[in-house]
Amino acid sequence: MSSAISAMKILQPLNHPTTAARSPENSLFDPFKSNSSLLGSSCKLRFNSLKPFSSSHRRSSVVAVSNVVKETKLNSNSSMTNLITKEEGLELYEDMVLGRTFEDMCAQMYYRGKMFGFVHLYNGQEAVSTGFIKLLKKEDSVCSTYRDHVHALSKGVSARAVMSELFGKTTGCCRGQGGSMHMFSKEHNLLGGFAFIGEGIPVATGAAFTSKYRREVLKDADCDHVTLAFFGDGTCNNGQFYECLNMAALWKLPIVFVVENNLWAIGMSHLRATSDPEIWKKGPAFGMPGVHVDGMDVLKVREVAKEAIGRARRGEGPTLVECETYRFRGHSLADPDELRDPAEKSHYAARDPIMALKKYMTQNNLASEGELKAIEKKIDELIEEAVEFADASPLPSRSQLLQNVFADPKGFGIGPDGKYRCEDPKFTEGTAHV
Amino acid sequence: MAAIMQGIGAATNLSSSFSFDSKGFQLQSVKSLPERITSSLVVRSDGRVIPTSNLKARNVGGRLVTNAVAAKADGSTTSTASKPGHELLLFEALREGLEEEMDRDPRVCVVGEDVGHYGGSYKVTKDLAPKYGDLRVLDTPIAENSFTGMAVGAAMTGLRPIVEGMNMGFLLLAYNQISNNCGMLHYTSGGQFTIPVVIRGPGGVGRQLGAEHSQRLESYFQSIPGIQMVACSTPYNAKGLMKAAIRSENPVILFEHVLLYNLKERIPDEEYVLSLEEAEMVRPGEHITILTYSRMRYHVMQAAKTLVNKGYDPEVIDIRSLKPFDLHTIGNSVKKTHRVLIVEECMRTGGIGASLTAAINENFHDYLDAPVMCLSSQDVPTPYAGTLEEWTVVQPAQIVTAVEQLCQ
Numbered sequence: 128m129s130s131a132i133s134a135m136k137i138l139q140p141l142n143h144p145t146t147a148a149r150s151p152e153n154s155l156f157d158p159f160k161s162n163s164s165l166l167g168s169s170c171k172l173r174f175n176s177l178k179p180f181s182s183s184h185r186r187s188s189v190v191a192v193s194n195v196v197k198e199t200k201l202n203s204n205s206s207m208t209n210l211i212t213k214e215e216g217l218e219l220y221e222d223m224v225l226g227r228t229f230e231d232m233c234a235q236m237y238y239r240g241k242m243f244g245f246v247h248l249y250n251g252q253e254a255v256s257t258g259f260i261k262l263l264k265k266e267d268s269v270c271s272t273y274r275d276h277v278h279a280l281s282k283g284v285s286a287r288a289v290m291s292e293l294f295g296k297t298t299g300c301c302r303g304q305g306g307s308m309h310m311f312s313k314e315h316n317l318l319g320g321f322a323f324i325g326e327g328i329p330v331a332t333g334a335a336f337t338s339k340y341r342r343e344v345l346k347d348a349d350c351d352h353v354t355l356a357f358f359g360d361g362t363c364n365n366g367q368f369y370e371c372l373n374m375a376a377l378w379k380l381p382i383v384f385v386v387e388n389n390l391w392a393i394g395m396s397h398l399r400a401t402s403d404p405e406i407w408k409k410g411p412a413f414g415m416p417g418v419h420v421d422g423m424d425v426l427k428v429r430e431v432a433k434e435a436i437g438r439a440r441r442g443e444g445p446t447l448v449e450c451e452t453y454r455f456r457g458h459s460l461a462d463p464d465e466l467r468d469p470a471e472k473s474h475y476a477a478r479d480p481i482m483a484l485k486k487y488m489t490q491n492n493l494a495s496e497g498e499l500k501a502i503e504k505k506i507d508e509l510i511e512e513a514v515e516f517a518d519a520s521p522l523p524s525r526s527q528l529l530q531n532v533f534a535d536p537k538g539f540g541i542g543p544d545g546k547y548r549c550e551d552p553k554f555t556e557g558t559a560h561v
Numbered sequence: 005m006a007a008i009m010q011g012i013g014a015a016t017n018l019s020s021s022f023s024f025d026s027k028g029f030q031l032q033s034v035k036s037l038p039e040r041i042t043s044s045l046v047v048r049s050d051g052r053v054i055p056t057s058n059l060k061a062r063n064v065g066g067r068l069v070t071n072a073v074a075a076k077a078d079g080s081t082t083s084t085a086s087k088p089g090h091e092l093l094l095f096e097a098l099r100e101g102l103e104e105e106m107d108r109d110p111r112v113c114v115v116g117e118d119v120g121h122y123g124g125s126y127k128v129t130k131d132l133a134p135k136y137g138d139l140r141v142l143d144t145p146i147a148e149n150s151f152t153g154m155a156v157g158a159a160m161t162g163l164r165p166i167v168e169g170m171n172m173g174f175l176l177l178a179y180n181q182i183s184n185n186c187g188m189l190h191y192t193s194g195g196q197f198t199i200p201v202v203i204r205g206p207g208g209v210g211r212q213l214g215a216e217h218s219q220r221l222e223s224y225f226q227s228i229p230g231i232q233m234v235a236c237s238t239p240y241n242a243k244g245l246m247k248a249a250i251r252s253e254n255p256v257i258l259f260e261h262v263l264l265y266n267l268k269e270r271i272p273d274e275e276y277v278l279s280l281e282e283a284e285m286v287r288p289g290e291h292i293t294i295l296t297y298s299r300m301r302y303h304v305m306q307a308a309k310t311l312v313n314k315g316y317d318p319e320v321i322d323i324r325s326l327k328p329f330d331l332h333t334i335g336n337s338v339k340k341t342h343r344v345l346i347v348e349e350c351m352r353t354g355g356i357g358a359s360l361t362a363a364i365n366e367n368f369h370d371y372l373d374a375p376v377m378c379l380s381s382q383d384v385p386t387p388y389a390g391t392l393e394e395w396t397v398v399q400p401a402q403i404v405t406a407v408e409q410l411c412q
C-alpha cells in the first residue's frame with residue numbers, strides 16, 4: 128500500500144457513514160485480482176505488489192506527510208499550518224526514541240543474561256504506540272499484548288519500573304510477578320500485557336463497558352474514558368476479535384481497536400493465514416468504520432487516532448484502525464527471523480518512523496538537529512539509569528510467593544486448626560504449602 | 005435439614021430482640037422485597053452468618069436435637085403461622101440475594117445470555133432488567149469467552165459483574181478467560197488489579213439433558229490458582245453464598261444445580277451473608293463422616309434415613325466450599341468419627357472427591373480407622389437414556405452399602 132494513497136485513505140472513510148462503500152478511485156487493490164494469486168504465496172508477492180509504488184516510497188514518507196499536509200491545508204482555511212507544533216513534535220520524537228532505545232537495551236540485557244523467557248521487541252512499530260497513546264488522558268485505558276514494553280512506556284510507566292520488571296525484581300511494575308508479557312499499571316491504566324493473543328481484547332471491551340456504565344448507570348456525566356486495544360494481524364483471525372467487534376459496535380462502546388499489522392505472526396505470513404488480508408474491511412462488516420493507515424508515519428497515525436479517539440469520546444462508538452507497520456527484529460529474541468525477505472526488511476527499514484519524523488521536523492524547521500540529538504542523549508541516560516536501578520533492585524523474597532494470589536487471602540481457606548491459612552506465619556514467610 | 009431447623013430456632017431468638025413485628029411479614033409475597041430489606045438491619049460486621057449450626061458443631065459439646073433427619077426442606081413439618089422468615093424456592097433465594105446486592109451497590113451488574121428480557125433461563129434474574137435497566141442486566145450475544153473477558157475487564161476497572169453461564173458447561177468456552185485472566189491477573193499484575201467477579205450457573209446431571217448439558221465443571225476449574233469455588237444446595241445457603249460471593253474481592257465461581265432450583269425452604273427475613281470458606285454441618289453424628297455437596301446432599305440425607313433405621317449415626321457435612329476445603333470442620337469430624345465417605349457427583353478421575361481424599365489423607369491420616377472411600381459418578385459421558393443416566397450417578401442405595409462396608 129503506497130503511502131501516498133493511504134494518505135487519502137485516512138481522511139475519506141472518517142467523513143463517511145460507517146457502512147458507506149469505499150469509492151472506487153480510493154480502493155487500493157481489487158481484492159479479487161490480488162488475492163487470487165496470493166493463495167499459498169509468501170510475503171514476497173505483497174512486497175512485489177508494492178514495487179510499482181516503490182519510487183514514490185523512495186521519496187520516503189516525507190512525501191506522504193507532505194501530502195497530508197497539503198490535504199490539511201486544503202481542508203483548513205489557514206495558509207501555513209503544520210500538523211504539529213514544536214512541543215508536540217518533540218514529545219512525539221522523545222517518546223519514539225524512548226521506545227527504540229529501551230528495546231535495544233532489552234536486547235543487550237537479554238543476551239547478557241539479565242532477563243529470560245520470551246521477550247518481544249517493538250522496534251519499528253513505535254509510530255503506532257506514540258501516535259495513539261500520546262493523545263490519551265491518564266484515565267484512558269490501554270490494553271496490549273505480549274509486545275507491550277513500549278505501550279507501557281508511552282502510557283507513562285517509568286522506564287525503571289519496566290526494566291525492573293524485566294529483570295524480575297521486586298521494584299518492577301508488577302513486583303516481578305508478571306514479566307515481559309504482563310505489564311500492568313493501575314496508576315496509568317495499563318490493563319496488561321497478555322500472553323495469549325486475543326485474550327486482551329475482551330478485557331479492553333470490558334474497560335470500555337465500565338466507561339459507558341459509569342456514564343449511564345452511575346450517572347457520572349463527565350466519564351468519557353476511552354480504551355485502546357492493541358493487537359496484531361494474527362489476532363485478527365481469532366474468534367475473540369470478532370466477538371468483541373460485535374459487542375463493541377452493538378453497545379457503542381468507547382473503544383478503538385488498533386491492529387498493528389506487521390505482516391508476520393512469528394513465521395506465518397499474514398497473507399498465508401488470512402482469506403481477506405485487508406483487515407480494515409472487517410470493521411464495516413460489524414457496523415463500525417474501518418480505517419487503514421501507514422503505521423510507519425507517526426503523524427498520519429496521530430491524525431487517524433485523533434479522529435477515532437474523538438469518536439469514542441463523543442459516544443459515537445468504536446473504530447477499527449489497521450496500521451501497516453513492521454517489526455525490525457524477530458518475533459521475539461529467540462526467533463532467528465530467517466523467513467522474512469531481506470528486501471522486505473530493508474524496504475521498511477528505509478521507512479523508519481523515527482528517521483521520518485526527524486526529517487520532517489528538521490525540514491519544516493520545527494527543531495534543529497541539535498535539539499533532537501539532545502533528546503536522544505537524554506533518553507540514553509534515562510535508560511542507563513533505569514538499568515542501574517534495576518540491577519541494584521532486590522530480587523523478590525520468599526515472603527512474596529503467596530502474596531497477591533487472592534485479593535482477599537481468606538481465599539486460601541481454613542486450616543485444620545480452625546484459623547484461616549493466611550494467618551499462619553509460614554504464610555507470610557512464603558513457606559506454607561497451599 | 006437439622007441445621008436449617010436449628011438455624012431458624014436461633015433466628016427466632018434473635019428476631020424477638022428487634023422491634024419489628026416478624027408476624028407482619030408472614031403474609032407478604034416473596035416479590036415485595038424492598039420493604040423487607042429496608043427494615044432488616046442485621047448485618048454481620050465480619051460478613052458471617054449467625055453461626056448457629058456451625059458454631060454448635062465446632063463446640064462439639066452440645067448435643068443437637070436431630071429429629072429432623074432427612075426432612076425435606078419444604079416446611080411441611082412445621083406450622084407456618086408462627087414461624088418467622090419467608091418461604092421461597094431456591095432460584096428465588098438466589099434472585100433475592102442478587103437483588104439485595106444490586107440495591108446495595110450500584111456497581112453490581114449481571115452479564116449473560118438471556119438474563120435480561122428473558123429473565124434468565126432458570127429465572128434467577130427474572131424482573132431484574134425492567135428494574136435496573138438493560139445495561140445493568142446485560143443480555144449478551146452468544147460469546148462466552150468474550151463476555152467473560154469483558155466482565156474481567158469491567159471488574160478491573162471498578163465494576164462488580166456477575167457472569168451467568170446459561171449452563172456451566174458453556175463456560176468451557178470461557179476457560180481461557182477464567183483461567184488466565186480471572187484467576188491470574190491479580191497475581192501477574194503484582195496485586196494492582198482486583199477481579200471481583202462472580203461466575204455462576206447451573207451444572208450437574210439433570211433429567212436426561214444429554215452429555216453436554218450434564219457436566220460437572222468444578223473438577224475442571226479446581227486447579228486454577230486464584231479463584232474460589234462454592235456450591236449451593238439449599239435456598240438458605242444459596243442466598244447467603246450469592247451475597248458472599250458478590251461481596252468478595254476474589255473471583256468466585258458459584259455452582260448451582262439444575263435439579264435444585266425448585267427446592268422450597270423458609271429463610272430468615274433478616275439479611276445474612278454466609279462464609280465462602282466454611283462447610284455446613286447438616287446432621288451431626290458419631291459413626292461416620294459423610295462429606296458431600298450440591299445435589300448429592302439429598303441423596304445422602306435419603307440414605308441417612310435408611311441408615312438411622314439400621315442403627316447407624318452418620319455425620320453429614322455439606323462441604324459447600326469446593327476450593328478451598330474447610331479443613332477445620334472436616335478435620336473435627338474425622339477426629340470424632342474416624343471414618344470418611346465422600347459422596348459427589350463429579351467424575352471419579354480428578355474430581356473434587358479425589359482432591360478431598362488426598363487432603364484428608366495428608367492432614368488426618370492418624371485419625372482414620374479405615375481408608376477414605378469416595379463415591380463419584382462414573383467416568384462416562386452422561387447418557388441420554390434415563391436408566392443409564394441413573395446408573396452413572398451415585399444413588400442412595402450405594403451410599404447405604406458403602407457406609408455399612410466402612411463401619412464393619
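Chains A and B are the protein sequences, given in the same order.
With my numbering, you'll find the first sequence wraps up at 561, consecutive numbering, no jumps.
With my numbering, you'll find the second sequence wraps up at 412, consecutive numbering, no jumps.
A virtual CB, placed ideally from N, CA and C, is assigned to each residue, including glycine.
C-alpha of Gly214/B to C-alpha of Tyr179/B: approximately 21 Å in a straight line. In this structure, Ser268/A is the residue among Leu522/A, Ser268/A, Glu512/A and Arg239/A with its C-alpha nearest to the C-alpha of Thr354/A. When secondary structure is reduced to three states using DSSP, Lys505/A falls in the helix class. Chain A has a Cβ within less than 8 Å of the Cβ of Phe197/B. With the criterion set as a beta carbon lying under 8 Å from some beta carbon of chain A, the members of the region 262–282 of chain B are Leu280, Glu281 and Glu282, in sequence order. Under the Cβ criterion of 8 Å, His458/A is not counted among the residues facing chain B.
Under the three-state reduction of DSSP, Leu94/B is assigned to helix. Counting along the chain, the unbroken beta strand (DSSP E) around Met285/B starts and ends at Glu284 to Arg287. DSSP, reduced to helix, strand and coil, places Gly207/B within a strand of the structure shown.
In chain order, Asn209 place their CB closer than 7 Å to the CB of Asn491/A, counting only its own chain and leaving out the 5 sequence neighbours on each side.
Judged by their CB atoms, Ala406/B and Arg324/B are not nearer to each other than the 8 Å cut-off.
Proximity of Leu345/A to chain B, defined by a Cβ-Cβ separation below 8 Å, is satisfied.
Around the Cβ of Tyr122/B, a 10 Å sphere holds fewer than 16 other Cβ atoms; the residue is exposed. Leu295/B is positioned such that its CB atom lies closer than 8 Å to that of Val344/B. If you look at Met351/B, you'll find it isn't in any alpha helix (DSSP H); it sits in the beta strand (DSSP E) that goes Val344 to Met351. Put simply, the region 257–273 of chain B does not touch the region 108–124 of chain B. Fewer than three CB pairs are less than 8 Å apart. The beta-carbon distance between Leu326/B and Tyr302/B, rounded to whole angstroms, is 17 Å. This is too long to meet the 8 Å contact definition. Inter-segment contact for the region 247–259 of chain A and the region 417–435 of chain A is present: three or more beta-carbon pairs are separated by less than 8 Å. Excluding sequence positions up to five before and after Ile403/B, its CB lies within less than 7 Å of the CB of His303, Val304, Ala307, Val347 and Leu379, all in the same chain and listed in chain order. DSSP places Lys313/A outside both helix and strand once states are collapsed to three, so it counts as coil.
The C-beta of Cys301/A comes closer than 8 Å to at least one C-beta of chain B. Contact check for Asp421/A and Ala392/A: beta-carbon distance about 21 Å, past the 8 Å limit, so the pair fails to qualify. Of Asp109/B, Asn336/B and Arg220/B, the smallest CA-CA separation from Lys247/B is found for Asp109/B. Taking CB atoms only, Phe357/A has no neighbour in chain B less than 8 Å away.
DSSP links Trp391/A through a beta bridge to Ser396/A. Runs of the beta strand (DSSP E) lying entirely within the region 328–370 of chain A, each at least 3 residues long, are 354–359 in chain order. Contact of Gln306/B with chain A is not assigned, every C-beta pair being separated by 8 Å or more.
By the Cβ rule, the region 132–145 of chain B counts as touching the region 335–350 of chain A, because three or more pairs are nearer than 8 Å.
In the DSSP annotation of this structure, the continuous segment of the alpha helix (DSSP H) that includes Cys233/A starts and ends at Lys213 to Tyr238. Assignment of Val119/B by DSSP, reduced to helix, strand and coil, places it in the coil class.
Nearest neighbour of Phe259/A by Cα position, chosen from Glu218/A, Thr298/A, Gly325/A and Asp479/A, turns out to be Glu218/A. The residue among His247/A, Thr446/A, Lys433/A and Asp464/A with its C-alpha nearest the C-alpha of Lys379/A is Thr446/A.
Phe245/A is positioned such that its CB atom lies closer than 8 Å to that of Ser307/A. Comparing alpha-carbon positions, the option among Gly355/B, Val398/B, Val376/B and Gln409/B lying closest to Glu222/B turns out to be Gly355/B. Contact between the region 270–282 of chain A and the region 220–235 of chain A is present, with at least three C-beta pairs closer than 8 Å. Taking 4 residues as the minimum length, the alpha helix (DSSP H) runs contained wholly in the region 172–245 of chain B are 189–192 and 222–225, in order along the chain.
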